[in-house]
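Accompanying notes for the structure given below.
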Amino acid sequence: MKVQVGDKVSFSKAVSEAELAAFVGLSGDDYEAHTDDDFMKNTAFGQRIVHGALLVGIMSAAGTRMIRVMKARGDTTTPVALGYDRMRFTAPVFIGDTITASYSVTDVDPDKSRSVAALELVNQNGATVAVANHIMKWLAP
């Protein structure tokens, strides 16, 4: 396990109409907040919003970037996600927004082969749209 406190990566992704539609199909979550322009135009949001669960996928992609950095350092473990703590969706994400996930390792426990990273997702305007702590287990070969 080569991960260290202070290790950081980021991942950016623009959320398209096609990706939102694909996520609706994949997840089965077809709530009008995500699928119906007319339904949403008179709400506080004024337009459709992206699923929070889709944002979790962006968080996961940032974790994958960290794994690749560790593999480049010669780490031979098999990392697996144990979950997310204190996840919050703090602002809406809309179709066309570009989301950047910043992943920063805040704690490493070599005895348990675990790391914790703070995740912050921001949109193209710099507004924080989601936060979480990601727990990773680094399994020995």
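Residue 953 in this note's numbering sits at position 4 of the sequence shown, and the numbers go up by one each step.
Where a beta carbon is used, it is the ideal one built from N, C-alpha and C, also for glycine.
Per DSSP, the bridge partner or partners of residue i
i, result
"Glu1069", "Ser1051 and Val1080"
"Leu1088", "Thr1027"
"Phe1043", "Phe1043 pairs with nothing; no bridge assigned."
"Arg1063", "Asp1058 and Lys1086"
"Ser965", "In DSSP, Ser965 forms no bridge with anything."
Near the ligand MN: residue i beta-carbon under 8 Å from a heavy atom
i, result
"Thr992", "The ligand MN is not part of the structure shown, which contains no ligands of any sort."
Cβ distance (whole Å) where residue i is taken to contact residue j below 8 Å
i, j, result
"Ser1062", "Leu1031", "Wrong, their Cβ atoms sit about 11 Å apart, outside the cutoff."
"Val954", "Asp1034", "Not a contact, Cβ separation roughly 17 Å."
"Val1065", "Ile1084", "6 Å"
Straight-line gap, residue i to residue j (C-alpha atoms, nearest Å)
i, j, result
"Leu1068", "Phe972", "22 Å"
"Ala970", "Asp1046", "15 Å"
"Asn1082", "Pro1090", "25 Å"
Classification of residue i by the beta-carbon crowding that lies within 10 angstroms, buried from 16 upward
i, result
"Pro1059", "exposed"
"Pro1028", "buried"
"Ser1097", "Residue 1097 cannot be examined here, being either before or after the span of the chain that is shown, 950 to 1090."
DSSP-derived helix/strand/coil call for residue i
i, result
"Met950", "coil"
"Asp1034", "strand"
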